[in-house]
Amino acid sequence: MGGADVVDNGMRPPGRVTLADVAARAGVSRGAVSFVLNGRTDQRISAATSERVLAAARELGYRPNLTARVLRTGTSGTVALISDFISSTSTANAMIRGALQELRGQGRTLFTVDTLGEPDIEERLVHNLLDRQVDGVLYAAMFTRVVTVPDALRGAPVALLNCRSGDDFAAPTVLPDERGAGAAAAAALLEAGHRDGIYFVGDLPPGMTGGAQWHSWAPLALPERLAGLRGELARASVELAGTVPIDTDWEPSHAYDAVHGLLANRVRPRALVCINDAAAFGAYQALADAGLRIPEDVSVVAFDDSDLARWLRPGLSSVALPHEELGREAARMLAAGTRQTRRIPMPLHRRASIGPPRPGGLPSES
Numbered sequence: 248m249g250g251a252d253v254v255d256n257g258m259r260p261p262g263r264v265t266l267a268d269v270a271a272r273a274g275v276s277r278g279a280v281s282f283v284l285n286g287r288t289d290q291r292i293s294a295a296t297s298e299r300v301l302a303a304a305r306e307l308g309y310r311p312n313l314t315a316r317v318l319r320t321g322t323s324g325t326v327a328l329i330s331d332f333i334s335s336t337s338t339a340n341a342m343i344r345g346a347l348q349e350l351r352g353q354g355r356t357l358f359t360v361d362t363l364g365e366p367d368i369e370e371r372l373v374h375n376l377l378d379r380q381v382d383g384v385l386y387a388a389m390f391t392r393v394v395t396v397p398d399a400l401r402g403a404p405v406a407l408l409n410c411r412s413g414d415d416f417a418a419p420t421v422l423p424d425e426r427g428a429g430a431a432a433a434a435a436l437l438e439a440g441h442r443d444g445i446y447f448v449g450d451l452p453p454g455m456t457g458g459a460q461w462h463s464w465a466p467l468a469l470p471e472r473l474a475g476l477r478g479e480l481a482r483a484s485v486e487l488a489g490t491v492p493i494d495t496d497w498e499p500s501h502a503y504d505a506v507h508g509l510l511a512n513r514v515r516p517r518a519l520v521c522i523n524d525a526a527a528f529g530a531y532q533a534l535a536d537a538g539l540r541i542p543e544d545v546s547v548v549a550f551d552d553s554d555l556a557r558w559l560r561p562g563l564s565s566v567a568l569p570h571e572e573l574g575r576e577a578a579r580m581l582a583a584g585t586r587q588t589r590r591i592p593m594p595l596h597r598r599a600s601i602g603p604p605r606p607g608g609l610p611s612e613s
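Going left to right, the sequence shown walks through residues 248 to 613 as my numbering numbers them.
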């Protein structure tokens, strides 16, 4: 939707370079400058004249008058990405990179703002961006979750990125395929020969149903990952042995406590599927303290495929969150205006943490 004509209404703020300034420097008419800067080829303007105009624009630091452009074309060539915390996190900001790459190809500029999860900040930023007449909004979340889209955005072109609306708001929606991710983790264990002793680490603590910040994404990701995991196991006539709740959050220390508690009850899993790489890190430490080796005694697979997965020893098999592709697809769907929901595949990056199960029965059975 880019490529709108460069326009200038002749009114200039102090210090602003106008088309007339460029024309005077290049020694041509204002109309000729407009044609050249818009890349128009339907007028007979020589290559030498075009080069003079472009050189003059560069020398003077000419920038198009955005207000005039909006008045004439109805578009600003800009899109806003409004999120909770995306730009402040090294992993999730790949969504911004993906959106930026796609929008650049459309000839558009991206504004990014973080609301820090504060409704009053969000409302102020939304109105500010709409006042700037952005062409559309990518409404995004750092964690995959259900959101309430601000009322001010309900009449604007919006695409939902890594989240979905909790009501009947219809908009293009792009989500990671969490169910497919759970199935991929199960398939990797089944392929290695695992048929029993498979535990999922990271269920919600008893009584917790959502709302606290640390698991605000759980209404989408966790049940879908579990459903995908259980479904793939069921197709092989295998059942999940159980789930291991992690108190407070899914950080290494709490995952360590959860897996340590499981082992203290004389349960010896053959495989652990951890809710994220940080939880897997805690599980690694608990298994090591119990004298269990990865993958000889216990296989481990997780989700996120963060840098941690590559640095752990042995390397952690992890299902990647496709942040860049999420951003690119949301920008594509915003431009197309389609109101579909698309799920982006989450590939498994297999490393040394998955191996065949131990021969014989589970140690807890001996």
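Beta carbons: idealized from backbone N, C-alpha and C, even for Gly.
Note that the coordinates shown come from a computational prediction; the quantities given were computed from them, not determined experimentally.
With respect to the 8 angstroms criterion, A468 and A502 are not classified as neighbours on the basis of their beta carbons. DSSP places I522 in no alpha helix (DSSP H); its state is neither H nor E. The beta carbon of A533 sits closer than 7 angstroms to those of Y503, V506, H507 and L510, all from its chain and outside the five residues before and after it, given in chain order. Residue burial is scored here from C-beta neighbours: H570 has at least 16 other C-beta atoms within 10 angstroms and is therefore classed as buried.
I343: member of the alpha helix (DSSP H) spanning A341 to G352, first to last residue. DSSP places D398 within a helical segment (H, G or I) once states are collapsed to three. Per DSSP, the unbroken beta strand (DSSP E) holding T420 starts and ends at T420 to P423. Taking C-beta separations shorter than 7 angstroms and ignoring five residues to either side along the sequence, the partners of R344 in its chain run E571 and G574, following chain order.
With respect to V381, F358 sits close: the two C-beta atoms are nearer than 8 angstroms.
With 16 or more neighbouring CB atoms inside 10 Å of its own CB, N409 falls in the buried class. Taken through DSSP and simplified to helix, strand or coil, D443 comes out as coil. Exclusion of the five residues before and after L476 leaves G429, A430, A432, A433, F447, L487 and V520 as the residues of its chain whose Cβ lies within less than 8 angstroms of its Cβ.
Going by DSSP, V373 is part of the alpha helix (DSSP H) stretching over P366 to D378. If you draw a straight line from the Cα of L347 to the Cα of L480, it comes to about 39 angstroms. Looking at the DSSP output, F358 bridges to A327. A distance of 8 angstroms or more separates the beta carbons of S412 and D361. Taking the C-beta atoms as reference points, S564 is found no nearer than 8 angstroms to F550. Residue environment for R401: exposed (fewer than 16 other C-beta atoms within 10 angstroms of its C-beta). A direct Cα-to-Cα measurement between A403 and A583 gives close to 14 angstroms. In the displayed model, V405 falls within a strand according to three-state DSSP.
Annotation: the segment 536–606 contains the following complete segments of the alpha helix (DSSP H) (minimum length 4 residues), in chain order: 554–558 and 570–583. When secondary structure is reduced to three states using DSSP, S412 falls in the strand class. V300 carries a helical assignment under DSSP once its states are collapsed to helix, strand and coil. Between L307 and V275, the gap from beta carbon to beta carbon reaches 8 angstroms or more.
The shortest C-alpha to C-alpha distance from S484 to any of R515, G352, D524 and D443 is the one to D443.
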